[in-house]
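Novice: I'd like to ask some things about the structure below.
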Amino acid sequence: MSAVPEQDALRTLVTTLRGELAATQQALRSRFEQDGNSLRILTARARAVDQALRQLWSAVGIPRSAALVAVGGYGRGELYPASDVDVLFLLPADTAPEVETRLEQLVGLLWDIGLDIGHSVRTVAQCLDESARDITVETTLLEARLLAGSRRLFGELRDTLAEQRDPQAFFKAKRLEQDERHQRYHETPYSLEPNCKESPGGLRDLQVIQWIARASALGASWRELAERGLITAEEARQLSRVERFMRDTRVRLHLIARRREDRIIFDHQEALAAAFGLAATPTRRASEVLMQHYYRSAKTITQLNTILLQNISAALFPVEDGATHPINERFQSSRELLDVVDEEVFEREPSALLECFTLLQRHSELKGMTARTLRALWRARRLIDAKFRRDPKNRALFLSLFQQTRGLVHEIRRMNQYGILGRYLPAFGRIVGQMQHDLFHVYTVDQHILQVMRNVRRFTMSEHAHEYPLLSRLITGFERRWLLYLSALFHDIAKGRGGDHSQLGMRDARLFCRQHGLSREDTDLVVFLVEHHLSMSTVAQKQDLSDPDVVRDFARLVKTERRLTALYILTHADIRGTSPKVWNAWRGKLLEDLYLSALRHLKGEGIHATDCSDRQQEARHLLRYFGLREGIEQEFWTRLDTVYFMRHEPDEIAWHTRMLYFQADATVPVVKARPNQVGDGLQVMVYAPDQIDLFVRLCGFFGRLGYSIADAKIHTTNDGHALDSFVLLDPNRHLNSRDMIALIETGLVERLQSDHPADQPVAGRLSREVRHFPITPEIVIKPDERRQHHIMHVTAADRPGLLYSVARVLAAHHIRLHTAKITTLGERAEDVFLISGEELGNSSTLIRLEQELLGELAVS
Numbered sequence: 001m002s003a004v005p006e007q008d009a010l011r012t013l014v015t016t017l018r019g020e021l022a023a024t025q026q027a028l029r030s031r032f033e034q035d036g037n038s039l040r041i042l043t044a045r046a047r048a049v050d051q052a053l054r055q056l057w058s059a060v061g062i063p064r065s066a067a068l069v070a071v072g073g074y075g076r077g078e079l080y081p082a083s084d085v086d087v088l089f090l091l092p093a094d095t096a097p098e099v100e101t102r103l104e105q106l107v108g109l110l111w112d113i114g115l116d117i118g119h120s121v122r123t124v125a126q127c128l129d130e131s132a133r134d135i136t137v138e139t140t141l142l143e144a145r146l147l148a149g150s151r152r153l154f155g156e157l158r159d160t161l162a163e164q165r166d167p168q169a170f171f172k173a174k175r176l177e178q179d180e181r182h183q184r185y186h187e188t189p190y191s192l193e194p195n196c197k198e199s200p201g202g203l204r205d206l207q208v209i210q211w212i213a214r215a216s217a218l219g220a221s222w223r224e225l226a227e228r229g230l231i232t233a234e235e236a237r238q239l240s241r242v243e244r245f246m247r248d249t250r251v252r253l254h255l256i257a258r259r260r261e262d263r264i265i266f267d268h269q270e271a272l273a274a275a276f277g278l279a280a281t282p283t284r285r286a287s288e289v290l291m292q293h294y295y296r297s298a299k300t301i302t303q304l305n306t307i308l309l310q311n312i313s314a315a316l317f318p319v320e321d322g323a324t325h326p327i328n329e330r331f332q333s334s335r336e337l338l339d340v341v342d343e344e345v346f347e348r349e350p351s352a353l354l355e356c357f358t359l360l361q362r363h364s365e366l367k368g369m370t371a372r373t374l375r376a377l378w379r380a381r382r383l384i385d386a387k388f389r390r391d392p393k394n395r396a397l398f399l400s401l402f403q404q405t406r407g408l409v410h411e412i413r414r415m416n417q418y419g420i421l422g423r424y425l426p427a428f429g430r431i432v433g434q435m436q437h438d439l440f441h442v443y444t445v446d447q448h449i450l451q452v453m454r455n456v457r458r459f460t461m462s463e464h465a466h467e468y469p470l471l472s473r474l475i476t477g478f479e480r481r482w483l484l485y486l487s488a489l490f491h492d493i494a495k496g497r498g499g500d501h502s503q504l505g506m507r508d509a510r511l512f513c514r515q516h517g518l519s520r521e522d523t524d525l526v527v528f529l530v531e532h533h534l535s536m537s538t539v540a541q542k543q544d545l546s547d548p549d550v551v552r553d554f555a556r557l558v559k560t561e562r563r564l565t566a567l568y569i570l571t572h573a574d575i576r577g578t579s580p581k582v583w584n585a586w587r588g589k590l591l592e593d594l595y596l597s598a599l600r601h602l603k604g605e606g607i608h609a610t611d612c613s614d615r616q617q618e619a620r621h622l623l624r625y626f627g628l629r630e631g632i633e634q635e636f637w638t639r640l641d642t643v644y645f646m647r648h649e650p651d652e653i654a655w656h657t658r659m660l661y662f663q664a665d666a667t668v669p670v671v672k673a674r675p676n677q678v679g680d681g682l683q684v685m686v687y688a689p690d691q692i693d694l695f696v697r698l699c700g701f702f703g704r705l706g707y708s709i710a711d712a713k714i715h716t717t718n719d720g721h722a723l724d725s726f727v728l729l730d731p732n733r734h735l736n737s738r739d740m741i742a743l744i745e746t747g748l749v750e751r752l753q754s755d756h757p758a759d760q761p762v763a764g765r766l767s768r769e770v771r772h773f774p775i776t777p778e779i780v781i782k783p784d785e786r787r788q789h790h791i792m793h794v795t796a797a798d799r800p801g802l803l804y805s806v807a808r809v810l811a812a813h814h815i816r817l818h819t820a821k822i823t824t825l826g827e828r829a830e831d832v833f834l835i836s837g838e839e840l841g842n843s844s845t846l847i848r849l850e851q852e853l854l855g856e857l858a859v860s
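Under the working numbering, the first residue of the sequence shown carries the number 1, and numbering increases by one thereafter.
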């Protein structure tokens, strides 16, 4: 009989609490609109929710042996106006079943009072288990706060978590998590509708630092980090300012949207600007003024995030001898980072402001700049003035950035991030953070330009050849391709000035080329591309390509095959650089049709012969030399794509064809081996129906025989066969090549046809170089342009069984390997894999995969 009054009391309590929370929320909103104190609204809402939860916890009658714990941001004592309320119901191991029934009732009541509840029910042991498996859970529990219930149980949880926590592992996991998150947001804070919480330069980048610092017992505030020497006092003040701005932004977004909304979408930008008290200027909307404030804050956060994480890394992973290695009289290498020999280098030698970026391009072992170099660079950027820009040495240094074989996009982005690019090119400085209000661009003008440069650069990289094979073939044969990068830099540089930005940008480009000593021919090409960078897309998308006059007029405009190819490459890269949603296969087909039609008009023949077709022709000559009749290769070659012909030498192509043209439909493995045609060792070819663990089995087999894999080219044919090529070396030089060829050809076929697990490679010793000069392993996994596959870059110290370890992890996660390029440079392995699998599309499983791979790659 007592149940009815009890239920009545709960209903009354729920009604009361719902009304109190709504009134509190409204009062907090009104007060915030008056004083703008965002921290107060967060903490006050958290306190109000604390009181409501405690009252319901008591009313439901949860046993005193259990505990109610606030976790996540709520555990930190902060609740944004529309944020979820995350709680943990912590139970002792011997909890009675009826307690869970009461907890279910409690969750229902919490929803009834108007809270969006995120909850979990765990014992201490389960918390430890989940925390060890999932970095997100460990992070959530890091800021746990007791609300009600057993202090003893909560203390046990807090203490055991602290004992279990590994600060170094936590640091690595959070870095991986941040990298993956940045990739999801295209690694730029400058999208036109950024997420103030999750985008690079958002609140999450600040929280990552705070979590790592807390887990490592390095400090719980910016002031404490400054006291530990991890940042300067001025940087601590900067962090407080930008954190306050981002916090204000998120609070106002929630209040404007009246729901949880962290994206600064166009719909809210004007209202958000008004909430900040910002007004339009004669040349800019209020929203543009607001977003410039936002981008500057995001830029500061990105800079300080880099500096702080480097300094925390140095504290957590100290180098015993702290050795530095000189590069020249101005720079040295320290912990795989570029370091100034002293902080006055740039004042003494201003040209070093550009030199440092070229050094990063030339030294692939360098992964960035030290914190003190970044600080010195930022302070000295104002040395770049008109006199600096007129200096022939500086002009040559800047131009050389575009002529290097690697690192261009990384370093141009870094130059933009630290204000160097805009100082050297004032025209570029004017479009930094400038918004584009149209239906296509999702980035600011400067970020769009950098995206276009990145797209052009990707055409030159063999690991991306599968994305747009024709473009990759064309750029392979393009002389002085660095002119395309320059054209990309200038193509939109005059936006926002009024007038035709193509014409204004053309003048900027011509002046730059003359000042930097480009030949007339090269200057004309760059100027033409900047002036006409919209022409090809306009003709392709808006005119009738079946009309001969349209093609003829376009061919007259471009005049030469070189200009046509350059414009096709730039146009393709430009459209894809506007937005991931703008590019599609239809647009690509229109551009390709126009390119091929104009090319036929200019030359009276088909597509210009490229390096790819040259390799095919040379392979045909070799096949005729071996007595194979003309055309016999054709049926087999239709199973192969452009990527295959780009990655294999003519001799390999001919060898594969001779061995396989009559066995193309083989259902059993075909294995052939021969002495390496270049250098020592053996070449092995494997042709078999593809399977998820094929690469593991191959690596294990070769490793068990005592071979190291010096090079591997993994390829999947159009009909689902694996066509893999290996160069095997005998590190101990004790294997007889003739005997081993027979053993490999027969033994490997037997192993591939058996159901036995993969062989374990023979354990070997690390070289002295790797032991004394370790290479920090790196894993970078990113989706390709079409988001059908992922590209995985692996950098690590080479050692016996390295590839087997990587392959085993991929197979365990059901990751399918499509193509691979294995490169060993001395003691350094730099491998690229094209992979696919369901786990790659999930952030948590992707992070787990990266962690496992890094664990396998670590040199112990």
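Where a beta carbon is used, it is the ideal one built from N, C-alpha and C, also for glycine.
With distances taken between CB atoms, is the gap from L484 to V456 smaller than 8 Å?
Specialist: yes
Novice: Using CA atoms only, rank isn't needed, just tell me which of I113, L109, R122 is closest to P92.
Specialist: R122
Novice: From this set, K821, F554, A70, H818, which residue's C-alpha is nearest L863's C-alpha?
Specialist: It is not possible to answer for residue 863, since the shown part of the chain is limited to 1 through 860.
Novice: Look at the alpha carbon of S579 and the alpha carbon of G433, and state the distance between them as a whole number of angstroms.
Specialist: 16 Å
Novice: Just grab the DSSP bridge partners of I779 for me.
Specialist: Partner(s): V794.
Novice: Comparing C-alpha positions only, which one of L309, L338, I312 sits nearest to A323?
Specialist: Nearest C-alpha to A323 among L309, L338, I312: L338.
Novice: So who's on the other strand from M685, going by DSSP bridges?
Specialist: K672, S725
Novice: Would you mind reading off the limits of the beta strand (DSSP E) that contains S708?
Specialist: 708 to 714 is the span of the beta strand (DSSP E), which, as asked, contains S708.
Novice: Suppose only complete runs of 3+ residues qualify. What are the beta strand (DSSP E) ranges in the region 158 to 236, listed by chain order?
Specialist: none
Novice: Which two residues bound the contiguous beta strand (DSSP E) that contains I402?
Specialist: According to the sequence displayed, residue 402 carries Phe and not Ile. From DSSP, F402 is part of no beta strand (DSSP E) but of the alpha helix (DSSP H) over 392 to 403.
Novice: Please state if the CB of I791 and the CB of V762 are separated by a distance shorter than 8 Å.
Specialist: no
Novice: From this set, R704, L705, A654, G706, which residue's C-alpha is nearest M685's C-alpha?
Specialist: Minimum Cα distance to M685 is reached at A654.
Novice: Just the Cα atoms here: how many angstroms apart are L425 and Y418?
Specialist: 13 Å
Novice: Among E343, L840, L854, which one has its Cα closest to the Cα of I779?
Specialist: L854
Novice: Short check: CB of T302 to CB of D159, under 8 Å?
Specialist: no
Novice: Who does A573 pair with in a DSSP beta bridge?
Specialist: When DSSP reads this structure, A573 sits in no beta bridge, so it has no partner.
Novice: Pick out whichever of A710, S537, R697 has its Cα sitting closest to the Cα of A722.
Specialist: Nearest option by C-alpha distance: R697.
Novice: Using the DSSP secondary-structure output, state which residues sit across from T123 in a beta bridge.
Specialist: In the DSSP assignment, the residues bridged to T123 are L91.
Novice: Identify the residues that DSSP records as bridge partners of I117: which are they?
Specialist: V85
Novice: Just checking, does the region 843 to 853 make contact with the region 169 to 177 on the three C-beta pairs under 8 Å criterion?
Specialist: Three or more beta-carbon pairs drawn from the region 843 to 853 and the region 169 to 177 are found closer than 8 Å, and the two stretches are therefore classed as touching.
Novice: How many Å lie between R406 and R362 at the Cα?
Specialist: 8 Å
Novice: Let me know if V668 comes out buried or exposed under the rule of 16 or more other beta-carbons within 10 Å of its beta-carbon.
Specialist: Looking at its Cβ environment, which holds fewer than 16 other Cβ atoms inside 10 Å, V668 is exposed.
Novice: By Cβ distance below 7 Å, which residues in the same chain neighbour R165 in space, the five residues on each side in sequence not counted?
Specialist: A215
Novice: With three or more beta-carbon pairs closer than 8 Å as the criterion, would you say the region 250 to 270 touches the region 58 to 69?
Specialist: no
Novice: Taking Cβ to Cβ, would you say Q404 is nearer than 8 Å to T358?
Specialist: yes
Novice: Quick one: what does DSSP say V442 is sitting in, helix, strand or coil?
Specialist: In the structure shown, V442 adopts coil according to DSSP, grouped into three states.
Novice: Could you give the distance in angstroms between the alpha-carbon of Q447 and the alpha-carbon of H325?
Specialist: Looking at the backbone, the Cα of Q447 and that of H325 are separated by about 35 Å.
Novice: Please report how far the alpha carbon of A233 lies from the alpha carbon of E227, in whole angstroms.
Specialist: 8 Å
Novice: If you drop the 5 nearest sequence neighbours on each side, which residues of the same chain put their C-beta closer than 6 Å to that of E138?
Specialist: S131
Novice: Touch check for the region 828 to 842 and the region 798 to 818: three-plus C-beta pairs under 8 Å?
Specialist: yes
Novice: Would you tell me roughly how many angstroms separate the C-alpha atoms of E156 and F726, rounded to the nearest one?
Specialist: A direct Cα-Cα distance of roughly 55 Å separates E156 from F726.
Novice: For S836, write down the residues that DSSP places opposite it in a beta bridge.
Specialist: R816
Novice: Checking 8 Å against the spacing of the C-beta atoms, do G307 and L239 come in under that value?
Specialist: Correcting the residue type first, residue 307 is Ile in the shown sequence and not Gly. Going by C-beta atoms, I307 is not nearer than 8 Å to L239.
Novice: When we look at the beta-carbon of E463 and count the other beta-carbons within 10 Å, is it buried (16 or more) or exposed?
Specialist: So E463 counts as buried.
Novice: Between which two residues does the beta strand (DSSP E) holding A70 run?
Specialist: 67 to 70
Novice: Can you tell me where the alpha helix (DSSP H) with G855 in it begins and where it stops?
Specialist: 843 to 857
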